[in-house]
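Reading through the structure tokens given below for one structure.
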Amino acid sequence: MKKFVLIVALVLTTLKIFSIKIGVYDNPPYVKNENEGIIVELLDYIEENYNIDIEIVMGTQPGLIEKLKSGEIDAITPLGETEQRKKYGVFNNTYFFTEWGVAYTKENLNISTFQELEGKTIAVMDTDIYYEGEFGIKNITDNFGIEVYFIEYDSYREALNSVEEGVNDVAVVNRLYDVSGYNNLKRSNILFSPLVYKILFRKDLPEVQSIVNTFDKALTDLLTQNDSFYYEILDRYTVSQQTVLPDSFVRNLIIFLTILFLVILGLYLLIVYMRKTIKRKTKESNQLNKKLFQMIDLVSKIGSEEIEIDEFYSDLLNGTIEIIDEAENGSISLFDHDKWIYLTSYGHDKEKLMSMELKKDYRLPVNGTEIFTFEEVFDIDQKLMPEEVRKNFEKNTVPFKQMMVSRVKINENTSMDFSIEIPEDSDKEFSDESKIIFNSLVSLSKSFMSNKINFDTARNAYFNFAKKLSTVAEEFDDETGEHIHRVGELSAFIAEKLGMTQSYIKDIREFAPLHDIGKIFIPKEILKKPGKLSPNEWKIVKKHTSFSYKLLGEDEYFKMALNISLYHHEKYRGGGYPFNVEGDKIPLEAQIVSIVDVYDALRSKRAYKPSFTHEKALNIILNGDKRTKPEDFNPKVLEVFKNYSDEIKELYDKF
């Protein structure tokens with residue numbers, strides 16, 4: 001009986017919990033082939049020690065992704081986590097490694113910045129996260145307006161081969177990719193898109209969460225034990241590559257390794273060091289990644305037309321305090337002519353500071369970037385501020401140990417102060433590294449304000465011109481005087497309820513009044529004819545939509561105005577003019593103005609009809625009559641009109 005129990009126990013220990021096909025692709029040192037590589041050996045170890053039957057399938061990353069979607073394999077590794085990939089798969093929680101993207105160039109090319117990629121052909125692996133991920137090279141070059149040409153390949157090796165052979169200028173691979181077999185490649189200083197490698201499991205895999213948990217447990221066990229198999233193979237594969245450190249270090253290391261009598265001692269010390277510090281380095285790397293993402297996010301907002309000044313500077317200040325470890329409080333101020341205005345603050349009484357009436361003469365004497373103690377600032381404030389203002393100012397701010405402040409000039413009448421502070425009870429001081437980072441962030445603040453001022457100046461000039469054009473239309477056809485202004489306000493109201501951006505709402509408010517600007521090219525005797533128009537006269541009137549192109553068609557900034565004036569007589573179901581298009585081929589702004597124009601015309605008195613009540617006009621729009629059908633309008637716009645009819649009536653009655 002005892003022998004039987006023993007045999008059963010032995011059989012049970014050899015049974016596999018489940019079987020799984022995992023796809024891997026050429027990515028040395030992680031994957032060299034089906035039998036070699038860090039990840040391949042890790043999977044072999046997990047198979048042997050966690051009772052899992054793992055079949056490794058070699059392929060290309062794009063091909064494996066298609067096989068995962070079709071169910072031919074169950075998982076892929078290594079992959080970075082993206083929202084797109086999560087649509088068809090489930091990532092495990094514990095990651096293998098932290099990685100970055102790096103650019104390799106032809107030997108005769110000297111490229112050290114993204115701007116120097118202008119006009120170059122870049123070889124990339126199709127589906128690679130360093131190519132089309134959120135922080136991949138495609139989005140980075142697009143955001144910076146750098147024109148490059150991407151050539152897609154099935155693997156990193158094919159991409160590198162194309163540069164080696166002179167077909168392309170640059171290849172993008174991961175930081176640790178083994179390029180030892182190439183002679184005509186040079187590693188650039190371009191490093192980007194930090195991420196972590198995980199396993200992507202097929203979403204419809206039976207018991208997928210249980211499988212994910214099993215792999216997470218195995219990886220956690222390996223990562224948390226300093227003498228585990230994970231660190232053994234990591235040492236074995238990465239010591240010879242040195243984690244793609246600078247070229248000079250790699251060359252020195254190669255020389256060092258040729259001195260055989262020091263190899264044993266050096267290898268031993270390196271392994272001990274890596275085992276003790278890898279967790280600390282991983283933590284530091286994650287912190288660096290976070291700071292890098294914050295910097296990228298702030299840079300991406302500089303050219304945005306949508307973000308408001310207070311929102312940007314609040315994000316900038318909060319991000320600065322997170323990035324610079326010593327800082328815990330801070331503020332950003334604007335000096336406009338003789339006024340001192342707080343844009344935002346952190347750690348101080350923001351609302352009270354922003355409400356104070358301060359003069360430019362009260363500010364600190366700052367030249368470039370300087371560091372002050374609290375006592376120094378207090379003494380200066382006593383000299384520059386009236387006593388009552390100074391006491392009120394002190395109530396709304398908190399004391400500090402050190403304040404780093406930088407002043408930047410925007411134009412002749414405008415400048416800014418950007419300051420961050422170390423709390424008075426802290427033992428920290430601003431480091432040289434923090435000063436460099438701070439000055440970079442100050443430059444961002446200046447760039448944003450300069451762009452904003454220039455953009456707003458141009459925007460206001462266009463808006464003023466639009467108002468003058470509206471006045472021309474009003475004077476030309478006095479029946480539509482109040483009509484064109486009502487159309488602007490009602491259109492902006494509907495755009496807001498549709499959830500459009502503030503910039504879009506502002507534009508449609510200013511440009512909707514130009515919807516009939518083409519009528520200035522229609523003879524007045526036709527426009528003001530008291531009776532019914534002849535077919536030929538009506539044909540001429542309908543041309544007012546096309547005539548608007550004469551005024552608006554050559555300027556990109558008037559694109560919305562042109563869309564409105566050209567398309568506001570089109571119908572959602574088709575049958576409108578001048579193009580007889582339908583549905584979403586009609587620009588949304590024109591669809592909004594279309595329903596507003598009809599409503600306003602129904603409410604207004606005309607030579608050929610009396611004015612209708614709000615209720616009657618609404619009934620015609622929602623239910624139709626001989627001339628108008630609800631199918632003429634975008635259903636979403638029609639729904640807003642229905643749900644907010646009371647507010648629309650109030651807006652109309654204000655004019």
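Under UniProt numbering, the first residue of the sequence shown is numbered 1, with each subsequent residue one higher. Note that beta-carbon positions come from the ideal geometry of N, C-alpha and C, so glycine has one too. Computed from a predicted structure; not experimentally measured.
Restricting to Cα atoms, I'd like to know which of the options is closest to residue i.
i, options, result
"Pro-78", "Asn-92, Lys-69 and Ser-70", "Asn-92"
"Phe-611", "Tyr-652, Asp-338, Asp-584 and Pro-587", "Here residue 611 is Ser; the residue named in the question, Phe, does not match the sequence. Comparing Cα positions, the closest option is Tyr-652."
"Ile-111", "Asp-44, Lys-186 and Leu-638", "Lys-186"
"Ser-155", "Val-124, Leu-358, Asp-584 and Gly-488", "Val-124"
"residue 663", "Ala-601, Phe-96 and Phe-393", "Lying outside 1 to 655, the shown extent of the chain, residue 663 is not represented and no answer is given."
"Val-366", "Asp-417, Ile-332, Asp-349 and Phe-438", "Asp-417"
"Phe-400", "Ile-38, Lys-428, Val-408 and Pro-386", "Lys-428"
"Pro-587", "Ala-561, Gly-531, Ser-19 and Arg-85", "Ala-561"
"Lys-629", "Ile-621, Glu-615 and Leu-490", "Ile-621"
"Lys-506", "Glu-489, Phe-372 and Gly-624", "Glu-489"
"Leu-219", "Val-179, Asp-169 and Tyr-45", "Tyr-45"
"Ile-129", "Glu-152, Leu-117, Ile-540 and Glu-107", "Glu-152"
"Ser-491", "Ile-137, Thr-414, Tyr-231 and Leu-638", "Leu-638"
"Ser-434", "Ser-426, Ile-321, Lys-446 and Lys-539", "Ile-321"
"Arg-363", "Pro-386, Ser-440 and Ser-355", "Pro-386"
Which word fits residue i, buried or exposed, when buried means at least 16 other C-beta atoms lie within 10 angstroms of its C-beta?
i, result
"Arg-236", "exposed"
"Lys-174", "Contrary to the premise, residue 174 reads as Asn rather than Lys in this sequence. Buried, since its Cβ has 16 or more Cβ neighbours within 10 Å."
"Gln-115", "exposed"
"Ser-406", "buried"
"Ser-594", "buried"
"Ser-345", "buried"
"Thr-127", "buried"
"Arg-202", "buried"
"Arg-85", "buried"
"Glu-570", "buried"
"Ile-324", "buried"
"Gly-583", "exposed"
"Tyr-95", "buried"
"Glu-510", "buried"
"Ile-259", "exposed"
"Gly-59", "buried"
"Lys-120", "buried"
"Gln-591", "buried"
"Asn-168", "buried"
Determine, using beta carbons only, whether residue i and residue j come nearer to each other than 7 Å.
i, j, result
"Gly-330", "Ile-420", "yes"
"Val-640", "Ile-508", "no"
"Ala-512", "Ile-564", "yes"
"residue 701", "Ile-190", "Here the chain comprises residues numbered 1 to 655, so residue 701 is not present and cannot be evaluated."
"His-515", "His-568", "yes"
"Lys-69", "Tyr-50", "no"
"Phe-558", "Leu-566", "no"
"His-544", "Lys-519", "yes"
"Phe-438", "Met-404", "yes"
"Pro-62", "Asp-178", "no"
"Ile-56", "Ile-20", "no"
Does DSSP put residue i in a helix, a strand or coil?
i, result
"Met-354", "helix"
"Arg-606", "strand"
"Ser-613", "The residue you asked about is not Ser; residue 613 is Thr in the sequence shown. Correct three-state label for Thr-613: coil."
"Asn-623", "helix"
"Pro-62", "helix"
"Asp-325", "coil"
"Gly-518", "helix"
"Lys-99", "Inspection of the sequence shows that residue 99 is occupied by Glu rather than by Lys. Three-state DSSP puts Glu-99 in a strand."
"Glu-81", "coil"
"Pro-635", "helix"
"Leu-334", "strand"
"Asp-53", "strand"
"Glu-47", "helix"
"Thr-373", "strand"
"Ser-431", "coil"
"Val-208", "helix"
"Thr-344", "strand"
"Asn-318", "helix"
"Ile-264", "helix"
"Arg-236", "helix"
"Ile-38", "helix"
Can you give, in chain order, each stretch of the beta strand (DSSP E) that sits fully within the region 379-416 and has at least 3 residues?
-> 400-409
What runs of the beta strand (DSSP E), each 3 residues or longer, lie entirely inside the region 150-190?
-> 170-174
Of all the alpha helix (DSSP H) runs that stay within the bounds of the region 533-601, which reach a length of 4 or more residues?
-> 535-541, 544-552 and 559-567
In the region 108-156, which residue ranges form an unbroken alpha helix (DSSP H) of at least 4 residues, counting only runs that do not cross its ends?
-> 129-132 and 137-143
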